[in-house]
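In our numbering, the protein residues as written are 14 to 615.
Glycine included, every Cβ here is placed at the ideal spot set by N, Cα and C.
No experiment lies behind these values; they were computed from the predicted model shown.
Take a look at the structure below.
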Ligand SMILES: CCCCCCCCCCCCC/C=C/[C@@H](O)[C@H](COP(=O)(O)O)NC(=O)CCCCC
Ligand SMILES: Nc1ncnc2c1ncn2[C@@H]1O[C@H](COP(=O)(O)OP(=O)(O)O)[C@@H](O)[C@H]1O
Ligand SMILES: [Ca+2]
C-alpha cells in the first residue's frame with residue numbers, strides 16, 4: 014500500500030474471505046480472491062456514495078462498537094435495491110439503504126492508513142456535503158408519523174455521518190416558512206422538511222423569499238428575474254402525496270431521501286411563480302390545477318381526519334359531480350426543437366435536456382461570474398415568443414413544472430416533463446362524458462398515454478394566463494373581494510378567524526386561510542365549524558358552481574384569474590433525479606457539478 018498516491022491497494026479480510034481492496038480516484042472497491050489469488054466478485058462504491066468510515070467494527074442502531082480489534086475498520090455507504098412500484102416507498106427509482114462492510118487488515122498500521130486515506134478521499138471529493146442542517150417536522154402531516162420517522166430513521170443516519178441538526182417541531186402552519194424568512198440561518202448548509210408537499214412548499218417559499226430579500230429583488234413583478242437560491246432543500250417524506258420527493262428521487266422512502274441529503278446531492282428545480290395582477294400569490298413546483306384537482310383539494314380539506322385517503326375519497330365524490338368550467342387559457346410555448354411533452358422521453362438523473370438548459374438559461378454563468386448575469390440572460394430568453402389562446406369548457410386545466418409522479422400515479426401528470434429545463438407542461442382536458450374523463454384519470458395509474466385522447470391537449474410552455482369569460486367574471490370579482498378580506502384577516506391575529514367568513518359557493522374559502530393555516534386540525538372548534546361547512550358544501554348544492562378553485566401544490570389559491578411564469582432552476586434540492594434501475598451514475602467530475610455530462614455505468 015502506498016500513501017498519498019492513488020491508487021491505494023492492500024489485502025483485507027471480510028469475514029473469512031480474502032479480498033484485494035483498492036482506492037482509486039473515484040471508487041473504493043474490494044475484489045474477492047480465491048486460494049490461488051484468482052479474482053472473483055468485485056464490489057465497487059463511488060467515493061461520493063461513502064457515508065462514513067470508522068475504526069473498529071461498528072453497528073448503527075444502537076450505534077455501538079462490537080468486537081473492537083485494532084485491525085478493523087467499517088465502511089458505511091449507499092446500497093441500492095430495486096423497488097416495487099405501488100407503495101411502501103416503491104416507485105420508479107431504486108431504494109437506497111445503508112450498506113455496511115467490516116474490513117480486517119493485516120496490521121493496525123495498515124488499518125490506520127486505510128481509514129486516513131478514505132477520510133481524505135471523502136474530504137477532497139465531497140466538498141459540498143452538508144455539515145449542519147435546519148430540520149422542520151410537521152407532526153400532523155400524512156399519517157402523523159413524521160416525528161417517529163425523523164427520530165428513528167433520519168437522525169441516527171445524520172449522527173453517523175457527522176451531521177449536526179437543529180430540529181423544530183412545528184406548532185402551526187407557516188412556522189417553517191416564517192422561520193426561514195426571519196431567523197438567522199448562518200452556519201446551516203440546508204433546510205429539511207419532514208412532512209408532505211405542503212411542508213415542502215413552506216420551505217420553498219421561505220428559501221425563495223429569503224434569497225430575494227437578501228438580493229433586494231421584488232417577488233411580485235412577474236417580469237423581474239429572481240435570484241437562484243443557494244440554500245438546499247431536503248425532503249424526508251412523511252406526507253400524503255409526497256409528489257415532490259417521488260418525482261425528484263423516484264421513491265418516497267425516508268432512508269433513501271436521508272442518504273441523498275447526507276451525500277450532498279444537488280438537483281436544480283424549476284419553479285412556477287403564480288401572480289394575480291401584479292402580486293405574487295404563491296410558488297409551485299408540482300401542480301397548479303383548476304377544475305378537477307382544485308375541487309378535489311377543496312373537498313379533501315373537510316376530510317383531513319382520513320389522512321392520505323382523503324384524496325381518494327374526495328376524488329370519487331368530485332368525479333361523480335361531473336363538473337366542468339369555462340375558461341380562457343393563454344400560453345407562451347417553449348421551443349419545440351428542444352423537447353416536447355409527447356416525445357416519450359424521461360427526465361432521469363443526469364438528464365441531457367436539463368443540463369443543456371442550464372447553459373441556455375444561464376449562458377454567461379460560471380463560478381467566477383456574477384449571479385446577476387444569470388438573471389439578465391434568463392429574462393431575455395423568456396420574453397421571446399407569441400402567446401397562444403384556447404377558450405372552452407374544461408374538466409381540468411393543469412400546469413406542472415415536473416412530471417408530478419407520485420405513488421398514486423407512478424408516471425405522473427406529464428411523464429416526459431423535465432425537472433430543470435425552464436419549462437412547464439400545460440394539460441387541457443376539455444369537457445367530455447364521464448367515461449372519457451375516467452379513462453383519462455385511469456391512464457395516470459397505468460403506462461397508457463393519457464394525452465392520446467381526443468379531448469386532451471398538452472403544451473410545453475414558459476408562461477400561462479387564465480381568465481374567465483365575461484359572464485363568469487362577476488362571480489370571480491365577488492370571490493376576489495372575499496379573498497382579499499381573507500388575506501387581511503390572515504395577516505392580523507386580532508381579527509376573527511377566516512373560516513367564519515361565509516362561503517359563496519362550495520366552502521373553499523375555508524381553505525384559503527382556515528384553521529389549517531393557524532391551528533392543528535384536531536382542535537374541536539375547527540371540527541365544529543367544518544361540519545357547518547360540509548352542510549354548505551357545493552357537492553350538496555342544487556346549482557353547480559360556475560367557477561372552480563386553483564390547487565397550487567396542495568393549497569387553494571384565493572384568486573381565479575392568475576398568471577404563471579416558469580423560473581428555470583430557481584431552487585436546489587438534496588436529490589439527483591430518478592436513477593435508472595440497474596445502473597448507477599458516474600459523474601466524470603465526481604458528482605454534483607458535472608452539469609450532466611455523465612455516463613451510465615450498468
Ligand atoms: C381512477 C383513478 C384516478 C387516479 C388519478 C390520479 C391522478 C394523480 C395525479 C396526482 C398529481 C399530484 C400533484 C401533487 C399535488 C400535491 O402537491 C397536493 C398536496 O399534497 P400533500 O401536501 O401531500 O397533501 N396533492 C393533491 O393535490 C392531491 C391530488 C390527488 C388527486 C386525486
Ligand atoms: N403544526 C402544524 N399545525 C397545523 N398545520 C401545519 C403544522 N405544521 C405544518 N402545517 C401545515 O400543514 C400542511 C400540510 O402538511 P404536509 O406535511 O404537507 O402534510 P400532508 O401531505 O398530509 O398534506 C402544510 O400546508 C403546512 O403548512
Ligand atoms: Ca420543467
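- Here DSSP, grouped into helix, strand and coil, assigns residue 572 to coil.
- Residue pairing by DSSP puts residue 401 in a beta bridge opposite 344.
- Counting other Cβ atoms within 10 Å of its Cβ, residue 181 stays below 16 and is therefore classed as exposed.
- Look at residue 122 here: in three-state DSSP terms it is helix.
- Residue 62 is classed as buried because its beta carbon has at least 16 other beta carbons within 10 Å across all chains shown.
- In this structure, the beta-carbon distance from residue 207 to residue 168 does not fall below 8 angstroms.
- The three-state reading of DSSP puts residue 475 in strand, counting E and B together.
- Annotation for residue 439: 344, 412, 472, 474, 477 place their beta carbon closer than 6 angstroms to its own, counting only its chain and skipping 5 residues before and after.
- In this structure residue 232 is buried. Its beta-carbon is surrounded by 16 or more other beta-carbon atoms within 10 angstroms.
- Spatial neighbours of residue 85 in its own chain (CB-CB distance under 8 angstroms, excluding positions within 5 residues in sequence) are listed in chain order as 68, 69, 70, 115, 116, 117, 118, 124.
- Sorted by position in the chain, 283, 414, 415, 430, 431, 432, 433, 434, 435, 436, 437, 579 make up the residues whose C-beta lies under 7 angstroms from a heavy atom of ligand 3.
- For residue 464, no alpha helix (DSSP H) encloses it, and the DSSP letter there is neither H nor E.
- By the criterion of at least three beta-carbon pairs nearer than 8 angstroms, the segment 210 to 221 is in contact with the segment 253 to 265.
- Nearest C-alpha to residue 423 among 261, 288, 289: 261.
- Leaving aside the five residues that flank residue 45 on each side, the residues in its chain whose CB is nearer than 7 angstroms to its CB run, in chain order, 30, 32, 53, 54.
- Of the heavy atoms belonging to ligand 1, at least one sits nearer than 7 angstroms to the Cβ of residue 210.
- Annotation: the segment 250 to 321 contains the following complete segments of the alpha helix (DSSP H) (minimum length 4 residues), in chain order: 256 to 262, 267 to 275, 305 to 313.
- Within the segment 171 to 246, the complete alpha helix (DSSP H) runs of at least 4 residues fall at 188 to 195, 210 to 228.
- Around the beta-carbon of residue 415, 16 or more other beta-carbon atoms lie within 10 Å, marking it buried.
- The residues 300, 302, 306, 307, 310, in chain order, have a CB closer than 7 angstroms to that of residue 564 in the same chain once the five nearest residues on each side in sequence are set aside.
- DSSP, reduced to helix, strand and coil, places residue 411 within a strand of the structure shown.
- In summary, residue 143 is buried, with 16 or more beta-carbon neighbours lying within 10 Å of its beta-carbon over all protein chains present.
- Put simply, the backbone Cα of residue 148 is about 49 angstroms away from that of residue 50.
- Contact between residue 442 and residue 403 does not hold, since their C-beta atoms are separated by about 12 angstroms, which reaches or exceeds 8 angstroms.
- Under the DSSP assignment, residue 140 falls outside any beta strand (DSSP E); it carries neither an H nor an E label.
- DSSP, read as helix, strand or coil, puts residue 54 in strand.
- Per DSSP, reduced to three states, the secondary structure at residue 556 is coil, with no helix or strand assignment.
- Within 7 angstroms of the C-beta of residue 187 there is at least one heavy atom belonging to ligand 2.
- Residue pairing by DSSP puts residue 22 in a beta bridge opposite 35.
- Here residue 227 is exposed: its Cβ has fewer than 16 other Cβ atoms, across all protein chains shown, within 10 Å.
- The three-state secondary structure of residue 130, taken from DSSP, is helix.
- Following the DSSP letters along the chain, one finds residue 437 inside the beta strand (DSSP E) bounded by residues 437 to 443.
- In this structure, ligand 2 has no non-hydrogen atom nearer than 7 angstroms to the beta-carbon of residue 370.
- By the CB criterion at 8 angstroms, residue 221 and residue 586 fall outside the cutoff.
- With a threshold of 16 other beta carbon atoms within 10 Å, residue 447 falls short and is exposed.
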